[in-house]
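Sequence positions in the sequence shown follow the numbering used here and run 1 to 608. Every residue, glycine too, gets a C-beta built ideally from N, C-alpha and C. Keep in mind that this is a model prediction, so the values were computed, not measured. All remarks here apply to the structure that follows.
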Amino acid sequence: FFIPYCIALAFLGIPIFLLELAIGQYSSSGPFTCWKYSPIFTGIGYGMFIVSALVAIYYNMIIAWAFFYLFASFTDELPWQSCGDWSTNLCYDNVKILNKTWESCNGNNRWGKVWEANVTQGICYETGMLNKKEGVRAYLDADKAKDYFPRTLPSQEYFDNYVTGSGYSSGYDDLGGVRWQLALCYLLAFICVILALSKSIKTSGKVVYFTATFPYIVLVILFIRGLMLEGMEEGIRFYITPDLNRLSDAQVWKDAAVQIFFSLSASWGGLIALASYNKFHNDLLRDTLIVTFGNCLTSVFAGFVIFSYLGYLSTYMGLPVDEVAKSGPSLTFVVYPFAVTKMPISPLWAILFFVMLITLGVDSEFVLVETVITSLMDRFPKLRKYKLFTVMTCCLLFFLLGLTLTTDGGIYMLSIMDTYSGGWSILFIAIFECISVGWVYGIFRFLDDIKLMTGNTFCWCFPFIAFKYWWMLCWCFITPLLAAIIMVFSWVDYTGMDNGAEYDVYADLMGWGMTLVTIVCIVGTAIYVICKTGGIKEAMKPNIEWGPALVRHRREAEYHTKRYASDFVVDPWGLETASPNDVHLQVENKSGLQNTGYVPHAEDSSKF
């Protein structure tokens with residue numbers, strides 16, 4: 001996975017990250033209104049809006065799980081430290097010695113592995129027969145049992161049976177009732193988002209100072225502790241040993257690409273929304289390199305942390321590393337929670353760990369919801385006066401739509417949303433972003449726009465030309481082609497949701513519906529714009545308002561822009577002749593800005 005991950009970072013993540021920063025910073029507009037450089041691609045913004053909204057709904061559920069565990073950690077003994085009323089007979093510490101009179105018999109277990117079974121009173125008990133109703137009169141002791149029947153950790157059963165209730169559901173179509181404890185945690189997660197986003201972008205920025213740094217402290221502490229655990233080297237060896245045979249698996253490449261896009265928020269609209277608050281001459285390449293490489297190194301380091309604990313659990317349970325825990329979101333709520341039970345003062349470590357999870361999750365949720373809010377306020381400017389109301393309304397709507405995820409079968413719905421809403425959709429969006437800039441708007445024009453913002457020297461000391469041709473190559477050829485190849489081959493190899501009886505063809509149809517909504521938005525809006533403007537050629541031309549938001553910056557752009565668009569207007573809003581009572585002048589005077597100009601996000605003076 002690491003090789004596809006690095007390739008996806010270099011040829012997909014970094015180019016798309018810079019492209020979106022440039023669009024947002026140059027236009028000071030969010031995902032709905034930044035496409036004035038080529039209105040035919042306006043549907044990309046609507047697609048980003050839908051993807052961000054869908055992910056915001058289910059991603060906050062993961063934060064809710066973390067809150068649930070955090071509250072459960074305020075106790076002398078962690079509830080998932082041992083099996084409880086919620087556990088089954090497969091729970092690990094339910095395997096006890098009831099009869100020590102053993103003899104041996106040989107045979108094959110149900111997986112076909114040769115094993116040596118223990119017998120009581122001449123009876124050779126079959127693998128997995130732990131239920132007393134089936135006639136089993138004795139259990140194997142814990143050390144011997146690992147070779148004869150599957151066992152589950154208390155933390156796994158706590159998550160399945162007590163937290164999510166998935167152990168009582170047969171699949172996505174067997175939802176059951178709402179688990180109100182989980183629903184309250186879900187509501188609390190949205191309240192945190194409301195508090196952070198109710199004010200200006202500066203408020204959110206101050207919150208991020210803590211939420212972005214605290215997780216590193218906890219990760220380092222957990223890594224040091226992980227290195228002290230028996231068997232940790234097995235997990236790390238598994239982590240760093242490449243399996244080159246997997247390079248031919250299209251799903252691995254798709255997962256790597258999606259992981260890059262997800263971790264960087266690329267093609268989701270979040271980067272455009274946040275970059276729209278940047279100062280016009282901000283060094284965006286510096287920001288790109290710091291964030292992308294910092295994100296990659298953090299992911300690699302986090303891998304060492306988690307696999308050190310997986311190695312320990314592998315030794316502890318007598319299972320291969322890849323069989324220790326289920327994949328997916330539950331991995332975080334099984335491996336680490338069980339690992340902290342083996343540490344001194346385990347409730348303290350659990351509290352630190354889940355606070356870290358909450359801060360990491362809330363960081364990502366901020367971006368998702370901010371993308372939705374910024375898009376709405378750009379599309380409907382009157383909403384800027386009522387930002388708190390807008391944020392609360394959106395979060396309430398997301399909460400109501402997400403209540404399904406708090407049911408017993410909610411985790412299966414979450415898995416469907418996770419597989420489809422943020423997968424192929426963002427690859428499709430990335431392809432059209434590159435086409436819009438590289439082939440329609442014009443790659444040289446776009447590079448001139450970036451140069452206007454950064455100057456001839458950017459990223460501390462690198463000359464502009466050092467990167468110019470690399471970006472041209474990526475945006476015009478490499479990035480869209482690689483995204484298209486990964487998308488097509490993953491479609492060819494895809495066989496649907498593969499998790500046994502929990503999913504069926506209707507689950508896939510539901511998921512494909514989420515993907516197709518995004519694609520239909522892009523294509524449908526393009527057709528609408530073509531009809532409205534009177535032709536495809538007119539639909540591709542920049543809007544008269546395309547360019548920097550402030551008149552003083554539009555004057556800087558006038559020379560190079562008129563080489564491509566002779567009808568470029570420095571002041572399309574007539575602000576230079578506006579009266580002192582003009583709303584934009586009032587905003588600028590309040591912000592301390594001397595020049596007149598259009599301010600898309602008036603409530604945030606830091607934007608300029």
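DSSP-derived helix/strand/coil call for residue i
i, result
"residue 178", "strand"
"residue 296", "helix"
"residue 88", "coil"
"residue 315", "helix"
"residue 570", "coil"
"residue 277", "coil"
"residue 563", "coil"
"residue 263", "helix"
"residue 268", "coil"
"residue 342", "coil"
"residue 29", "coil"
"residue 228", "coil"
"residue 245", "helix"
"residue 349", "helix"
"residue 100", "Here the model assigns residue 100 a pLDDT of 35, short of 50, so the residue's position is not dependable, and the following value carries that caveat. Residue state, collapsed to three classes: coil."
"residue 80", "coil"
"residue 449", "helix"
"residue 4", "helix"
"residue 43", "helix"
Close Cβ partners of residue i (< 7 Å) along its chain, the five nearest in sequence each way excluded
i, result
"residue 186", "60, 61, 64, 399, 402, 406"
"residue 424", "487, 515"
"residue 474", "11, 15"
"residue 57", "398, 401, 402"
"residue 517", "50"
"residue 230", "312, 315"
"residue 343", "225, 349"
"residue 354", "66, 69, 70, 73"
"residue 569", "544"
"residue 482", "11, 12"
"residue 392", "194"
"residue 75", "347"
Counted within 10 angstroms of its Cβ, other Cβ atoms place residue i as buried (16 or more) or exposed
i, result
"residue 512", "exposed"
"residue 625", "With the chain covering only 1 through 608, there is no way to say anything about residue 625."
"residue 470", "exposed"
"residue 378", "buried"
"residue 180", "exposed"
"residue 163", "buried"
"residue 418", "buried"
"residue 563", "exposed"
"residue 493", "exposed"
"residue 334", "buried"
"residue 294", "exposed"
"residue 235", "buried"
"residue 477", "exposed"
"residue 19", "buried"
"residue 213", "exposed"
"residue 155", "buried"
"residue 480", "buried"
"residue 431", "buried"
"residue 237", "exposed"
"residue 340", "buried"
"residue 44", "buried"
"residue 248", "exposed"
"residue 241", "exposed"
"residue 34", "buried"
Neighbourhood of residue i by C-beta, 6 Å cutoff - its chain only, sequence neighbours within 5 removed
i, result
"residue 374", "30, 273"
"residue 161", "86, 167"
"residue 122", "Residue placement at residue 122 cannot be trusted, given a pLDDT of 37 that sits under 50; what the coordinates show is reported in the next sentence. Correct list: empty, nothing qualifies."
"residue 254", "486, 490"
"residue 210", "none"
"residue 192", "362"
"residue 496", "508"
"residue 387", "none"
"residue 239", "303, 307"
Residues near residue i by beta carbon distance below 8 Å, same chain, minus five either side
i, result
"residue 188", "64, 67"
"residue 134", "Interpretation of residue 134 is limited by its pLDDT of 38, a score under 50 that renders its predicted location unreliable; no figure is taken from the coordinates."
Residue(s) in a DSSP beta bridge with residue i
i, result
"residue 407", "178"
"residue 152", "91"
Residue-level contact to chain C via CB, residue i, 7 Å cutoff
i, result
"residue 553", "No chain C appears in this structure, which consists of one protein chain only."
Within the region 475-561, note down every full beta strand (DSSP E) run reaching 3 residues or more, in order along the chain. For the beta strand (DSSP E) assignment, the region 475-561 encloses no uninterrupted run of at least 3 residues.
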